[in-house]
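In what follows, a structure is listed as structure tokens, so that the remarks can point back to it.
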Amino acid sequence: MTTQLQCQPIKDSIGAIITGVDLNELNDEILADIKQALLKHQVIFFRNQNLQTPSQVALAKSFGSLHIHPVFPTIDGIPEVIVLDSHETDLRDNELWHTDVTFSKTPPLGCVLRAVKIPPTGGDTFWASGTAAFAALPGDIQEKIKPLTAMHDIRLSFPKERFGGVSEEERQKLEEIYRKNPPVSHPVVRTHPETGEPILFVSEGFTSHINELPEDEGKKLLDFLTQHATKEEFHLRWQWQEGDVAIWDNRCTQHKALFDYGDAHRIMHRATINGDEPYFAA
């Protein structure tokens, strides 16, 4: 790193803690170091930040244009920042391992998440490296899955029975979201557009089935891959403190947040960066 930033890796496979920076006061040199650290470690954390919403938006926009989520509520007047409030939104499906918004043809590049309110205990988040998971697969399985594609479906993590509301108007709104976000196909192995590394790109949260295989064979393989992708050696667990900020590369990671805090209050604000269409470069 060329600036005052200091980087402490969490695991060889994924994660680092960055110190020596106030995310409200960034310049081009610091941003370049943050981006370099993100490419290397895939998810990076900053403690004790009093990150303001305009600064969060500016930080996220330094990576690219921002995504508007079709389901989650947002900050009034700032649609680029979604509000994950455990007292307002059913967040149980965040316990499913998932890569964000893979039900889109162009899933996000990454996200900037800040901890606004944290329960006294619980609510930890896990991130797993798809790069490390693919590299650890036996060679014959790597070759088998490289040409495969899989469907990703919004309905898996936003089911009608929990997100359809109680009124006909709310149910129709969710049906319209489904209509605007039909299932999409992505490669089972995608190539990172900046590092060139192969990534295992399936998750239990959104991946419904493998296109090229019979149903039973495809389900067996998909179950194996989703379980393999989240093994302990490929993932980390982050215990939040209020003021923490996490930035992750959504192209090569998946994550889940524990819903183990009962009626305690947890509020997170997330800015999501638009990405490109996944591809596999043979």
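Under UniProt numbering, the first residue of the sequence shown carries the number 1, and numbering increases by one thereafter. Note that CB positions come from ideal geometry on N, CA and C, so glycine has one too.
- Linking histidine 98 to glutamate 170 through their CA atoms gives a straight-line distance of about 25 Å.
- The shortest C-alpha to C-alpha distance from threonine 102 to any of Met268, Pro70, Ile118, Ala58 is the one to Pro70.
- The beta carbons of phenylalanine 72 and valine 57 sit no closer together than 9 Å.
- DSSP places threonine 207 in the uninterrupted beta strand (DSSP E) bounded by 207–210.
- For cysteine 252, DSSP records no beta bridge to any residue.
- In the three-state scheme derived from DSSP, where H, G and I count as helix and E and B as strand, lysine 117 is classed as strand.
- The C-beta distance from threonine 272 to aspartate 153 rounds to 19 Å, too long to meet the 8 Å contact threshold.
- With contacts defined by Cβ atoms closer than 9 Å, serine 55 and leucine 26 form a contacting pair.
- Minimum Cα-Cα distance from proline 120 among the listed residues Gln239, Ala136, Ala282 corresponds to Gln239.
- Burial of serine 13 is indicated by the presence of at least 16 other C-beta atoms within 10 angstroms of its C-beta.
- Of the candidates Phe224, Asp260, Asp249, the residue whose Cα lies closest to the Cα of alanine 37 is Asp249.
- In the structure shown, the three-state DSSP call for glycine 110 is strand.
- With distances taken between CA atoms, phenylalanine 206 lies nearest to Asn181 out of Asp216, Glu197, Asn181.
- Of all alpha-carbon atoms in Glu175, Glu168, Val188, the one lying nearest the alpha-carbon of phenylalanine 158 is that of Glu175.
- In terms of CA proximity to valine 21, Leu51 leads the group Lys231, Leu51, Glu197, Phe224.
- Taking tyrosine 261 as reference, the option from Gly275, Glu168, Gly123 with the minimal CA-CA separation is Gly123.
- Ranked by Cα distance from valine 245, the first of Ser104, Thr53, His235 is Thr53.
- A straight line joining the alpha-carbon of threonine 131 with that of threonine 125 spans about 19 Å.
- Counting only unbroken stretches of 3 or more residues, the beta strand (DSSP E) elements lying wholly within the region 139–223 are 149–152, 184–187, 189–191, 198–200, 207–210, in sequence order.
- Assignment of valine 83 by DSSP, reduced to helix, strand and coil, places it in the strand class.
- Annotation: the continuous alpha helix (DSSP H) that includes leucine 31 extends over 28–41.
- Its chain contains Leu23, Gly243, Val245 as the residues whose beta carbon lies nearer than 6 Å to that of glutamine 49, once the 5 sequence neighbours on both sides are disregarded; these appear in chain order.
- The shortest C-alpha to C-alpha distance from histidine 87 to any of Ala282, Arg266, Phe280, Tyr279 is the one to Arg266.
- Going by DSSP, glutamine 56 is part of the alpha helix (DSSP H) stretching over 53–61.
- In this structure, the alpha-carbon of glutamate 143 lies about 44 Å from that of valine 116.
- For phenylalanine 63 against glycine 110, the beta-carbon gap comes to about 6 Å, under 8 Å, which counts as contact.
- Residue pairing by DSSP places serine 129 opposite Thr253 in a beta bridge.
- DSSP places histidine 69 in the coil class of the three-state scheme, outside both helix and strand.
- DSSP places phenylalanine 259 outside both helix and strand once states are collapsed to three, so it counts as coil.
- Per DSSP, arginine 237 is one residue of the beta strand (DSSP E) stretching across 235–238.
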